[in-house]
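Asks: Take the sequence shown: its position 76, counting from 1, is numbered 76 in UniProt numbering, and each next residue is one higher.
The C-beta atom is built at its ideal place from N, Cα and C for all residues, glycine as well.
Only a predicted model underlies this, so the values are computations on that prediction, with no experimental measurement involved.
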Amino acid sequence: MAKKSGAKKAVAKVEFQAPIIEEAIKEAMVEDMEGLEIFFDRAKIPSGGGLAFEIPGEDDDQPQLVQELVGVMVDHHPVNGYWQEKYSGGNNPPNCSSMDGKRGESTPGGDCKTCPLNQFGSDEDGRGKACKNMHRIYLLRSGEVLPILLTLPPTSLKNLSNYMAKRIITKGHRSYSVVTRITLKKAQSSSGITYSQVQFAVAEVLEKETAQQMAAFAEGIKRITRQIKVMDDYIIEVEEEDENLPL
1 MAKKSGAKKA VAKVEFQAPI IEEAIKEAMV EDMEGLEIFF DRAKIPSGGG
51 LAFEIPGEDD DQPQLVQELV GVMVDHHPVN GYWQEKYSGG NNPPNCSSMD
101 GKRGESTPGG DCKTCPLNQF GSDEDGRGKA CKNMHRIYLL RSGEVLPILL
151 TLPPTSLKNL SNYMAKRIIT KGHRSYSVVT RITLKKAQSS SGITYSQVQF
201 AVAEVLEKET AQQMAAFAEG IKRITRQIKV MDDYIIEVEE EDENLPL
């Protein structure tokens, strides 16, 4: 019998394996990483409406392309970055940045909510914001010890807000008590610019014991994740026309 056309593709079942961090590994991290900074692998969002994330491979010169990212969100928080000069290559930290989306450091610094550069109409085109409002997600994939970092551009923030409110919090869950599946879809701005928009879905609700393990893991990892500075790679990921306009 012929299969019906248009049938939905089955979603693979997810069985999340929480990390087992032995005491020897903890001691090694304390001793061998003293004075060193941890750099998390980063998942990059493509430009032009691409549907695959770029993540580091075994060879640094050969990144992998993956259709989805699946794991537990062990931390997520807003970050802001203002670059006075448009990105033109090189290692250029922002002139002002905020690690919590509330208070900026350096120039101009101060309260992000009232900062003139964080208002619509402050960019060079007089429409969007001069300051980039982004959101970091640290996703721990099954069997891994360290999470991968994904930075959301402004065009994907609404999807994250809807996911957290409608699929997580109001269902009695926490971001670290479910396995999240992250994918991309092609979208178009009001001015006709095609870009990649991030989508979220619950892939699995963790068992109580595993959720408790992940809660403890999430609490511990924040001491590291909340210290990572905003750098130039965020410009590459979010430099899309109209991205900082009102949704």
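So who's on the other strand from Pro153, going by DSSP bridges?
Replies: Working through the sequence shown from its first residue, we reach residue 153 at position 153. Paired residue(s): none; Pro153 is not in a bridge.
Asks: Short of 7 Å in beta carbon distance, which residues of its chain neighbour Ala216, apart from the five on each side in sequence? Order them along the chain.
Replies: The residue you call residue 216 lines up with position 216 of the sequence shown. Nothing meets the Cβ criterion.
Asks: Which of the three DSSP states, helix, strand or coil, is assigned to Ala216?
Replies: Taking the sequence shown and counting its residues from 1, the one referred to as residue 216 is at position 216. Reduced to three states, the DSSP call for Ala216 is helix.
Asks: In angstroms, rounded to a whole number, what distance separates the CA positions of Glu58 and Phe39?
Replies: The sequence position of residue 58 within the sequence shown is 58, counting from 1. The sequence position of residue 39 within the sequence shown is 39, counting from 1. Distance between the alpha carbons of Glu58 and Phe39: 16 Å.
Asks: Within the continuous beta strand (DSSP E) that includes Thr183, where are the two ends?
Replies: On the sequence shown, residue 183 is found 183 positions in, with the first residue counted as 1. Run containing Thr183: 178-188, per the beta strand (DSSP E) assignment.
Asks: If I follow the unbroken beta strand (DSSP E) through Gly104, where does it start and stop?
Replies: Within the sequence shown, numbered from 1, the residue matching residue 104 stands at position 104. Segment 103-106, the beta strand (DSSP E) holding Gly104.
Asks: Express the C-alpha separation of Gly81 and Leu140 in angstroms, rounding to a whole number.
Replies: For this step, residue 140 is matched to residue 140 along the sequence shown. For this step, residue 81 is matched to residue 81 along the sequence shown. Near 25 Å, if we compare the C-alpha coordinates of Gly81 and Leu140.
Asks: Excluding the 5 residues flanking Asn95 on each side, which residues of the same chain have their C-beta closer than 7 Å to its C-beta?
Replies: As a first step, residue 95 must be located in the sequence shown, where it is residue number 95. So the qualifying residues of the chain are Tyr82, Trp83, Gln84, Ser106, Thr107.
Asks: Within 7 Å: the Cβ of Lys158 and any heavy atom of the ligand ZN?
Replies: The ligand ZN is not part of this structure, which contains no ligands at all.
Asks: Just how far apart, CA to CA, sit Glu237 and Gly48?
Replies: As a position in the sequence shown, residue 237 is number 237, starting the count at 1. As a position in the sequence shown, residue 48 is number 48, starting the count at 1. For Glu237, the pLDDT reaches just 49, beneath the cut-off of 50, and the residue's location in the model is therefore unreliable, although a value from the coordinates is still provided. Whole-angstrom Cα-Cα distance: 11 Å.
Asks: So, helix, strand or coil for Arg223, using DSSP?
Replies: In the sequence shown, residue 223 corresponds to position 223, counting from 1. Three-state result, Arg223: helix.
Asks: May I ask you to verify whether the region 161-181 touches the region 114-134, counting CB pairs closer than 8 Å and requiring at least 3?
Replies: In short, these stretches do not touch, since the Cβ pair count stays below three.
Asks: Using a Cβ distance threshold of 8 Å, determine whether the region 215-230 contacts the region 65-79, with at least three qualifying pairs required.
Replies: With the cut-off at 8 Å, the region 215-230 and the region 65-79 touch.
Asks: Taking the straight line between their C-alpha atoms, what separation do you get for Lys3 and Ser98?
Replies: As a working note, residue 3 is residue 3 in the sequence shown. As a working note, residue 98 is residue 98 in the sequence shown. Confidence at Lys3 is low in this model, with a pLDDT of 47, below 50, so its placement is unreliable and no value can be given for it.
Asks: Using only alpha-carbon positions, find the residue among Val14, Asp32, Arg42, Glu15 that is nearest to Pro147.
Replies: The residue you call residue 147 lines up with position 147 of the sequence shown. Ranking Val14, Asp32, Arg42, Glu15 by Cα distance to Pro147 puts Arg42 first.
Asks: When we look at the beta-carbon of Gly126 and count the other beta-carbons within 10 Å, is it buried (16 or more) or exposed?
Replies: On the sequence shown, residue 126 is found 126 positions in, with the first residue counted as 1. Classification for Gly126: exposed.
Asks: At the 8 Å Cβ level, is Tyr176 part of the contact set with chain D, yes or no?
Replies: Although the question refers to chain D, the structure presented lacks it and comprises just one protein chain.
Asks: How would you label Leu162, buried or exposed, when you count the other beta carbons within 10 angstroms and need 16 or more for buried?
Replies: Working through the sequence shown from its first residue, we reach residue 162 at position 162. For clarity, residue 162 is Asn in the given sequence; the question names Leu instead. Its Cβ having fewer than 16 others within 10 Å, Asn162 is exposed.
Asks: Once you ignore the five residues that flank Lys185 on each side, which residues in its own chain have a CB closer than 6 Å to its CB?
Replies: Along the sequence shown, read from residue 1 onward, the residue named residue 185 stands at position 185. Cβ neighbours of Lys185 beyond the five flanking positions: Gln197, Gln199.
Asks: Whose C-beta lies closer than 7 Å to the C-beta of Pro63 among residues of the same chain, with five residues either side of it excluded?
Replies: Taking the sequence shown and counting its residues from 1, the one referred to as residue 63 is at position 63. Same-chain partners within the cutoff: Glu54, Ile55, Pro56, Gly57.
Asks: Here's the rule: buried if 16 or more other CB atoms are within 10 angstroms of the residue's CB, otherwise exposed. What is Ser156?
Replies: Start at 1 with the first residue of the sequence shown, and residue 156 comes out as number 156. Classification of Ser156: buried, given that the 10 Å Cβ count is 16 or more.
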